[in-house]
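The structure appears below as structure tokens.
Protein chains in written order, with this note's numbering: chain A, 3 to 380; chain B, 3 to 380.
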């Protein structure tokens with residue numbers, strides 16, 4: 003039952019929790035121990051434990067998907083989508099979001115203290131893959147008493163995690179909603195990852211990754227984020243937001259950020275370094291590059307029946323273009339999987355998965371109702 | 003008359019020349035004096051001085067458009083287009099190419115020695131605009147005895163110069179062939195300029211632009227070039243050239259350039275710093291950002307009759323997308339100008355203007371024959 007008031011209210015004040023477990027064997031062959039995951043939950047697990055939904059964050063996201071942290075004014079990164087009456091309706095579903103393995107927002111990652119040395123891991127941290135992230139999530143679900151997910155959903159790197167769920171744990175996930183994502187990083191996507199990493203590593207303050215006693219490579223990380231932001235927007239959304247407007251009303255023959263778009267990018271870069279760790283940026287972008295579920299890896303032949311899919315792409319997304327989502331759909335259709343595809347007409351570029359929540363909500367509500375075997379108005 | 007042998011031979015060994023003049027008043031209000039332009043010419047100016055063609059280079063180009071420098075194996079940047087029997091047929095036309103004002107390949111720019119101080123200008127160099135570049139070119143043409151150009155042609159920044167010729171000197175240019183260019187830099191294009199500049203300026207070796215006694219900011223400039231190269235190629239051309247191939251046949255869980263695309267970009271970056279000056283990169287990208295012939299600036303109302311136009315765009319060019327060329331065409335058609343538009347089906351992205359020379363040749367040969375009032379086979 004949806005209440006309009008509830009939809010407006012959201013999940014209210016929330017706290018990030020942590021769960022630690024002994025360790026994890028990684029795809030690289032190394033073992034990481036112990037492992038902590040930061041996570042939040044919204045709504046309640048029902049009696050037959052059939053209503054759990056995992057939402058998976060993108061590169062710079064975290065466990066705080068919805069609601070407000072005490073004293074903060076900015077809600078979680080997918081607050082428009084998670085809450086009473088929203089797409090992931092917390093009156094119906096038990097929603098879980100965890101900071102990824104390798105992250106820097108409460109989960110074990112390069113910036114966490116290595117208990118063996120008493121210092122942050124830095125670049126001694128083992129490489130993690132999207133497969134490792136998902137296996138860490140299964141440990142959290144075990145802890146929460148969730149055997150099978152009703153759904154795993156997320157955009158971009160979050161979408162890769164949902165595909166990995168389908169590939170690695172098809173018996174633990176009934177449905178999957180990947181948004182603005184791909185079966186594999188293309189060379190152009192690898193190239194953008196690489197220039198971001200080079201921006202970080204070229205900053206002398208990076209110090210080969212051992213910067214924790216000195217402060218992080220702010221200029222390099224800010225530059226990486228500026229490059230990233232260009233790829234998250236579209237030509238059209240930049241034109242709409244900035245056009246050629248200048249901050250002072252004129253150009254001044256200088257290298258200062260005279261154009262609004264320059265000021266915006268510098269501002270976004272400067273903000274990012276306050277909340278994100280540079281080594282983590284390196285590790286997570288590398289995990290993206292290594293991601294590859296092409297061929298028969300998404301649905302191994304002879305494997306279990308695949309989950310149901312709702313694949314969502316955005317017309318103006320040139321970083322994870324719609325053709326990559328269609329490739330996912332083609333693989334699924336080739337296996338007679340139950341798959342719905344929608345390309346949303348948006349000018350927001352890759353950021354659209356965080357912004358086009360009205361259209362996403364309609365699609366996701368009906369899909370989840372069908373997956374639950376219920377009417378959308380139940 | 004075209005000889006097939008001539009077409010294969012090209013213009014042979016050429017030398018870059020220089021022309022110096024007293025000085026130039028710049029759009030910024032500053033005066034630059036003296037000014038030297040490096041240039042090359044191919045073919046001969048005819049008796050009535052009616053066969054001169056100016057080819058204008060892009061950001062990282064130079065005066066060496068065609069033929070070979072003594073002892074070098076790599077020809078000029080548009081050798082496929084300039085020579086006997088080629089698009090700009092040196093049996094018919096007198097072709098001129100000059101390094102732009104503000105450049106670092108023989109023309110006066112930030113890396114030139116300031117005669118007033120005996121040291122390179124560095125960031126004391128005045129800002130130059132595309133308008134300044136073109137006014138400097140008119141001085142060179144005066145020197146060469148060329149009153150009116152039969153044609154001005156070039157791609158990208160070179161295309162902007164050709165548009166500037168039409169806007170500022172419509173009585174000195176009979177036809178214009180802009181390729182892969184725009185009436186004005188969009189916010190996305192400004193944004194890519196800006197991250198390239200930030201890459202240079204974030205390198206401590208940049209030293210505020212005073213690096214000439216110490217060696218240039220190689221790492222920052224290489225990174226700027228890496229970012230640039232992503233924008234010069236297309237998603238499709240990168241897929242074709244690199245796909246997800248690795249250099250050793252496997253990924254190794256490292257931040258090394260494991261993927262071929264990473265190795266390629268690093269290689270291109272490392273090569274670039276051997277031949278290009280970092281401050282020049284800042285100044286020329288700023289000139290691109292300031293470029294704006296939108297509104298009625300391309301063809302001022304009440305102005306002279308415009309030259310004839312052949313506007314060429316490339317389907318996969320996402321840095322200077324075809325819609326920007328169509329905007330040029332729309333402005334021209336609105337003024338009843340003689341304009342031909344062609345969008346070439348290429349997967350090479352922005353680089354296509356340097357690579358799709360067969361299709362370009364057909365279009366340009368016929369256009370120039372018509373502009374000259376001759377049959378293409380004359």
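Backbone N, C-alpha and C define an ideal beta-carbon position, used for all residues, glycine too.
Top-ranked residue by Cα proximity to residue i, from the options
i	options	result
residue 152 of chain A	A/282, A/160, A/168 and A/226	A/168
residue 26 of chain A	A/110, A/348, A/318 and A/90	A/110
residue 199 of chain A	B/210, B/215, B/225 and B/204	B/225
residue 23 of chain B	B/15, B/94, B/14 and B/33	B/33
residue 194 of chain A	A/222, A/230 and A/216	A/230
residue 287 of chain B	B/91, B/158, B/255 and B/81	B/158
residue 208 of chain B	B/299, B/219, B/201 and B/214	B/219
residue 142 of chain A	A/267, A/164 and A/38	A/38
residue 319 of chain B	B/305, B/201 and B/239	B/239
residue 123 of chain B	B/377, B/215, B/48 and B/305	B/215
residue 155 of chain B	B/113, B/365 and B/375	B/365
residue 324 of chain A	A/280, A/172 and A/349	A/349
residue 103 of chain B	B/121, B/62, B/91 and B/92	B/62
residue 172 of chain A	A/206, A/136 and A/160	A/136
residue 262 of chain A	B/196, B/281, B/213 and B/306	B/196
residue 305 of chain A	A/327, A/339, A/282 and A/279	A/339
residue 292 of chain B	B/192, B/31, B/170 and B/253	B/192
Sub-9 Å separation of residue i and residue j beta-carbons
i	j	result
residue 337 of chain A	residue 301 of chain A	yes
residue 132 of chain B	residue 162 of chain B	yes
residue 322 of chain B	residue 368 of chain B	no
residue 243 of chain B	residue 189 of chain A	yes
residue 179 of chain B	residue 313 of chain B	yes
residue 315 of chain B	residue 182 of chain B	yes
residue 42 of chain B	residue 17 of chain B	yes
residue 257 of chain B	residue 284 of chain A	yes
residue 201 of chain A	residue 89 of chain B	no
residue 1 of chain A	residue 259 of chain A	No answer is possible for residue 1 of chain A: it lies beyond the span of chain A, which begins at 3 and ends at 380.
residue 356 of chain A	residue 274 of chain A	no
residue 128 of chain A	residue 255 of chain B	yes
residue 346 of chain A	residue 362 of chain A	yes
Buried or exposed (CB count within 10 angstroms, at least 16 for buried), residue i
i	result
residue 119 of chain B	exposed
residue 94 of chain A	buried
residue 227 of chain B	buried
residue 295 of chain B	buried
residue 59 of chain B	buried
residue 81 of chain A	buried
residue 6 of chain A	Per-residue confidence for residue 6 of chain A stands at a pLDDT of 41, beneath the threshold of 50, marking its modelled position as unreliable; the derived number appears in the next sentence. It is exposed - the Cβ of residue 6 of chain A has fewer than 16 other Cβ atoms within 10 Å.
residue 303 of chain A	exposed
residue 3 of chain B	Model confidence at residue 3 of chain B stands at a pLDDT of 37, short of 50, so the residue's coordinates are unreliable and nothing is read from them.
residue 387 of chain A	Outside the displayed span of chain A (3 to 380) sits residue 387 of chain A, for which this structure offers no information.
residue 276 of chain A	exposed
residue 91 of chain A	buried
residue 297 of chain B	exposed
residue 380 of chain B	exposed
residue 57 of chain B	buried
residue 121 of chain A	exposed
residue 11 of chain B	exposed
residue 40 of chain B	buried
residue 147 of chain A	exposed
Cβ distance (whole Å) where residue i is taken to contact residue j below 8 Å
i	j	result
residue 134 of chain B	residue 107 of chain B	Actually they do not touch by this definition, with Cβ atoms about 17 Å apart.
residue 186 of chain B	residue 46 of chain A	Actually they do not touch by this definition, with Cβ atoms about 55 Å apart.
residue 145 of chain B	residue 21 of chain B	5 Å
residue 1 of chain A	residue 13 of chain A	The shown model of chain A, from 3 to 380, leaves out residue 1 of chain A, and the question about it has no answer.
residue 174 of chain A	residue 211 of chain A	Contact doesn't hold; Cβ gap of about 35 Å is too wide.
residue 281 of chain B	residue 125 of chain B	6 Å
residue 28 of chain B	residue 115 of chain B	Actually they are not in contact, since the Cβ atoms of residue 28 of chain B and residue 115 of chain B sit about 19 Å apart, beyond 8 Å.
residue 373 of chain A	residue 176 of chain A	6 Å
Any non-hydrogen atom of the ligand GTP closer than 8 Å to residue i Cβ
i	result
residue 130 of chain B	Absent from the structure shown: the ligand GTP. Ligands present: none.
Review point. In chain order, which continuous runs of the beta strand (DSSP E) of length 3 or greater are located wholly inside the segment 260 to 344 of chain B?
Key: If only complete runs of 3 or more residues are kept, the segment 260 to 344 of chain B shows the beta strand (DSSP E) at 310 to 316, in order along the chain.
**Study point:** Inside the segment 118 to 187 of chain B only - beta strand (DSSP E) runs reaching at least 3 residues
**Key:** 153 to 157 and 177 to 181
Exercise for review: Ignoring anything shorter than 4 residues or poking outside the segment 198 to 268 of chain B, list the alpha helix (DSSP H) runs there in chain order.
Suggested key: 220 to 234 and 237 to 243
Exercise for review: Could I get the ranges of all uninterrupted beta strand (DSSP E) runs contained in the segment 22 to 68 of chain B, with 3 residues as the minimum, in chain order?
Suggested key: 37 to 44 and 54 to 58
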